[in-house]
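Following the numbering used here from start to finish, the sequence shown increments by one per residue and tops out at 2260. Yeah, the Cβ is synthetic: ideal placement off N, Cα and C, and Gly gets one too. No experiment lies behind these values; they were computed from the predicted model shown. Okay, so here's the structure we're looking at.
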Amino acid sequence: MGQFTSKSKEVDQGILHRVQFSNGEEGSPRYSSHHFDANSRQEGGSHQIPPTIIVSDEDSSAPEWQGSRTELRRSSFYSTIDLVPQLEHYVSTLPRQQTRSRPSLEALRKAFDEVEAGNTNTDPGTSNIPATDGGSEESQGPQEQTPTRFGWFVGVMVRCMLNIWGVILFLRLSWITSQAGILLTWLIILMSVMVTSVTTLSISAIATNGRVISGGAYFMISRTLGPEIGGPIGMVFSFANALACALNTVGFAEVVRDLMQEFGVVMVDSINDVRIVGVITVTVLLLISLAGMEWESKTQIMFFLVLLVSFSNYFVGTFIPPTPEKQALGIFGYRSEIFLENLTPDWRGPESDFFQMFAIFFPSAIGILSGANISGDLKDPATAIPKGTLMAIFWTTMSYLMISVTVASCVVRDASGNMTDILPGNVTDGCVGLACNLGWNFTDCIQSNSCEYGLANNLKVLGQVSGFQYLITAGVFAASLSSALGFLVSAPKVFQCLCRDNLYPYIGFFAKGYGKNDEPLRAYLLCYIIAVAFILIAELNTIAALISNFFLCSYSLINFSCFHASITNSPGWRPSFHYYSKWTALFGAVISVVLMFLFTWWAALITFCIIFFLFGYINYNKPKVNWGSSVQAGTYNMALSYSVSLTGVEDHVKNFRPQCLVLTGPPNQRPALVDFVSAFTKHISLMICGDIITEPERQTRPQDTTDQLVKWMNKRKVRSFYTPLTADSLRAGAQYLLQASGLGKLKPNTLVLGFKTNWRESSPESIEDYINTINDTFDSNFCLCILRMMDGLNISDQFDFEVNQGFEPDEPVENYDHQSPERESADDISDNGNSDQIKTVFQCTQGKKSVDVYWIADDGGLTLLVPYLLTRRKCWRSCKIRVFIVGDEQNMDEGRNEMIALLKRFRLDFSDVIVMTDSEKHPQAKNMSRFVESVSPFRLHDEQQEVASIQELRQREPWKISDKEFEAFKQKSERKVRLNEIIRRNSQHTALVLVSLPVPHSDCPSALYMAWLDTLTCGLHCPAVLIRGNQQNVLTFYCQ
């Protein structure tokens, strides 16, 4: 490799100056400064070795040069700054990780000239990649200690085995075997193992689909199903672990109390003794946890060794010939007749059945998540979690099966414990029970149900069978304390991860970590307080049922997470653990829910109520997190599938929806136009906000403008897509959007424009663009709506950036001092979408005002459909709709009745139909004069000039209106003026006016048509909409 030289100063050969990065997490890449040497070339050739960057991936805790792992970062053959694939380019998704980003496309495209210019003053081999000096300050400071990390054996397998080997193994397994028999007990064990094994396969798949940090089950579920599901499970799972710590501590305290009573030691009474011992025990466990993961791990290993000694003591005891004292307790060693007798069930008690025994045994299997819960403290969670958990399940299953069959082969179900019950000789007359064949007569206690010993009556059978009874007691201590310690560590770890995600309020205080392992000391204290509180209650039978349901609910959602991630076919679902199936995951999810209700139905209902409440809170607040969940992938799949399926469905008039393409420009500059369309499309049909950007604007447009505008619409609760488009002009951009916007059947069919109020001051090209956009709309067979507000649509003067020139301001800036009182002050407006927004008339309650519809031309019914959809909104619901139609006095009643009948058939709720019988009258002279004056600047007045000058004028100003054209359209102009007089007379103060839009003639000058649109809607004190369908039916009164 060539030696690097620095541009800034000469560096002795062989010396490498180091610059480090640190992020407070483990294993972050450390970058060295890089130096290029132009003289480094291959021997015997002119090919230059690409510049190389040295990266050191050493731990921050290690000495500066000890144990470093160095890799070389090369530039590719294409460019000196275009690097070959590197690991550090892909770590940006990890929280709190500093990442070295690859150069952008813009940098790569512009880099060649800059590099060439730079190389003219430097050697050819010198690279222009800047050295990064972040973290250099840290490298000068004291080095932090290495975080404690565990492998699969100590970190996962031992922890899971200790949590699975609980007090149920020592104090309940023998009793369950006596009730259910060996066969059904094995079935219970195998069914429990089936549920936990399927869940483990799902955990393994999720844990190997990317790096898992701290948080365990909560992290896996939330990153797979999203915060709405993960948040409730994180809260419930953390609480369940805290309660499980209390339960195991109470179990330990009860065993200690019983042992004390055997020696005649009583502190206060039986209940308070449990409380005292429990509080002392959990306090000691807390101190072990606070001492750090190293001490906690050593303590767990000690408990593990005690349990192994205890098991060895038990199995050795089964082979020791029983003494008469043991035989009196029902212990006879391995006997085939005892095995056969205990093979079948013997249910005792009114509530003894298979599912009751299953419910009692299953909590012993809930420890499979103990390793996953400390995923942040594992060296390689992706390898340790699957391997350690599956090995733990295998060995604990074997131990449960072996202990159940061995104890049921050595001990009879009933025994009196009296040495006097031995049979003299072989006399068995009147003797009842299997012990009669073994030389003992327990008939009296069997018939009176007073036997105190035997498999069915004594919970301490394992200790009596073993070689040394107190080693079994030590095993009970180790099992209960290890489980309590495991849950005490798991709960804070999970809760800390939940707190850091800020999904719920007031819990961020517990997110802080301390020390090299980022220990959640505050969460430890919270878990300790919860555990002490429930230990002091000392009555946990009800809480125990809830705990089992909480864990089963977690198992169900873990399995469902794996299933859902699998069926979405997301390219990001690539677990390296392949031994799973989406169908087994679904089975595990369903069976977990079924078991919840079979065990304790009321506890299952409480669990789901808590989950739904916490789910509703997050769903309402919608936290701003994006974890790439499978729910997002599933939503995409559904949208894609439905969109594709719609392409095969023919359009039908009954399913017509006004799918609107709205030329808003930046939507936050025209909130009234956005709110108007949103009012009749929200939750009904498609809405696309089109923003046509000219080339000069694109150069000055901030890069995050699109994101900010989308945030603005989301905050305004507008259900719309935002589509920016670069074009040379308004018309060109509108043409592109008319042709290309939408997807399949989800394509716009209606174009919505704002009215060009400033058309008189606009350039002729701008007017031509506007009118040609209308023509293009009809050429594309689109419907058209044009909204005119009395104060104009544009509020861009209240923003810092310029207005899109395709949408010129509707009113002069000085007129905004006299705006409607409904508008808020400009100080409350911002283009970043984070401040208060302007409230428009379409968001205000209109009361009992009227919406007037001037249905002048039959366009297919869009003129009626839009106001109907509008009045379905809460703000417009009380408005009455009046329909105005053209007619004459002789047939006025007949025309009115026909329209009423038609509206009734359309099932549209209209309050009145009014026939305009005076629409054919000539307009008032002053109004006509005002119209003539408005178009006067756009006329040629060619009849008053010579022929030569006329030709010259037409060539220089082709957009102007000739006298011949003005006279040809004079009657049409008079009708527009007359219609405006009628509208102003009848609808001066209504809530909204909708008027049929006249279709532009191909030979009508643009300025004249623009004057017609202006005339139709001028002089009103309410919003006005010029609307026109595409001459195809959008309403029908038929059922098919």
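- Which residue comes first and which comes last in the alpha helix (DSSP H) that contains residue 1639? Per DSSP, residue 1639 belongs to no alpha helix (DSSP H) and is neither H nor E.
- Message: Quick check: what's the CA-CA separation for residue 1749 versus residue 1705?
- Response: 15 Å
- Using three-state DSSP, classify residue 1485 as helix, strand or coil. coil
- beta strand (DSSP E) segment containing residue 1585, residue limits: First-last for residue 1585: undefined, no H or E at that position.
- Task: Check residue 2279 in the structure and name its three-state DSSP category.
- Result: Nothing in the structure corresponds to residue 2279, since the chain is present only between 1221 and 2260.
- Apply the 10 Å Cβ neighbour rule to residue 1346 and answer buried if 16 or more other Cβ atoms are within range, or exposed otherwise. Low per-residue confidence applies at residue 1346: pLDDT is 38, beneath 50, and the placement is therefore not dependable, though the value from the model is reported in the following sentence. Residue 1346 comes out buried.
- Message: Considering only the alpha carbon of each residue, which of 1595, 1580, 1558, 1601 lies closest to residue 1653?
- Response: 1558
- Please classify residue 1959: is it buried, with 16 or more other beta-carbons within 10 angstroms of its beta-carbon, or exposed? exposed
- With burial defined as no fewer than 16 other Cβ atoms inside 10 Å of the residue's Cβ, what is the status of residue 1829: buried or exposed? exposed
- Rounded separation between residue 2142 and residue 2202 - CA only: 12 Å
- How many angstroms separate the CA atom of residue 2196 from the CA atom of residue 2232? 6 Å
- Leaving aside the five residues before and after residue 1964 along the sequence, list all residues of the same chain whose C-beta is less than 8 Å from its C-beta, in chain order. 1863, 1864, 1866, 1867
- Query: Just reading off the beta strand (DSSP E) that residue 2136 is part of, what are its end residues?
  - Reply: 2132-2136
- Message: Suppose the cutoff is 8 Å on Cβ atoms and the five residues either side in sequence are ignored; what does the same chain contact list for residue 2241 look like?
- Response: 2010, 2208, 2209
- Message: With distance defined between alpha-carbon atoms, name the residue in 2064, 1857, 1972, 1936 nearest to residue 1911.
- Response: 1972
- Between the beta-carbon of residue 1668 and the beta-carbon of residue 1593, is there less than 8 Å? no
- Query: In terms of alpha-carbon separation, which member of 2181, 2131, 2127, 2121 lies closest to residue 2152?
  - Reply: 2181
- Item | N- and C-terminal bounds of the alpha helix (DSSP H) containing residue 1949 | That residue, residue 1949, is in no alpha helix (DSSP H); it is neither H nor E in DSSP.
- Out of 2093, 2253, 2194, which has the shortest C-alpha to C-alpha gap to residue 2140? 2194
- Message: DSSP three-state label for residue 2126, please.
- Response: coil
- Message: Under 8 Å, Cβ to Cβ, is there at least one residue of chain D near residue 2192?
- Response: Within the model displayed, chain D is absent; a lone protein chain is all it includes.
- Query: DSSP state of residue 2058, grouped into three classes?
  - Reply: coil
- Task: Can you tell me which of the three DSSP states residue 1348 falls into?
- Result: Bear in mind that the predicted position of residue 1348 carries a pLDDT of just 41, short of 50, making it unreliable; the figure below should be weighed with that in mind. Looking at residue 1348 - three-state DSSP - the assignment turns out to be coil, as it is neither helix nor strand.
- Task: Alpha carbon to alpha carbon, how far is residue 1519 from residue 1707? Give it in angstroms, no decimals.
- Result: 14 Å
- Beta-ladder partner(s) of residue 1907, from DSSP: 1880
- Query: residue 1997: buried (16+ other C-beta within 10 angstroms of its C-beta) or exposed?
  - Reply: buried
- Query: From residue 2082 to residue 1909, what distance separates their C-alpha atoms?
  - Reply: 20 Å
- What residues match up with residue 2244 in a beta bridge as DSSP calls it? 2008, 2213
- With DSSP as the reference, label residue 1368 as helix, strand or coil. coil
- Message: Between which residues of its own chain and residue 1507 is the CB-CB distance below 8 Å, once the five residues before and five after are set aside?
- Response: none
- Task: Have a look at 1300, 2236, 1845, 1807 and flag the residue whose alpha-carbon is nearest the alpha-carbon of residue 1776.
- Result: 1807
- Item | For residue 2088, the nearest candidate out of 1660, 2077, 2103, 1700 (CA to CA) | 2103
- Message: Just verifying my parser: in three-state terms, what is the DSSP assignment at residue 1793?
- Response: coil
- Message: Let me check one thing: in DSSP terms, what residues is residue 1443 bridge-paired to?
- Response: According to DSSP, which records beta bridges pairwise, residue 1443 is partnered with nothing at all.
- Item | Cβ neighbour criterion (16 or more within 10 Å) applied to residue 1924 | exposed
- Task: For the alpha helix (DSSP H) holding residue 2106, just list the boundary residues, first then last.
- Result: First-last for residue 2106: 2100-2106, but that is the beta strand (DSSP E), not the alpha helix (DSSP H).
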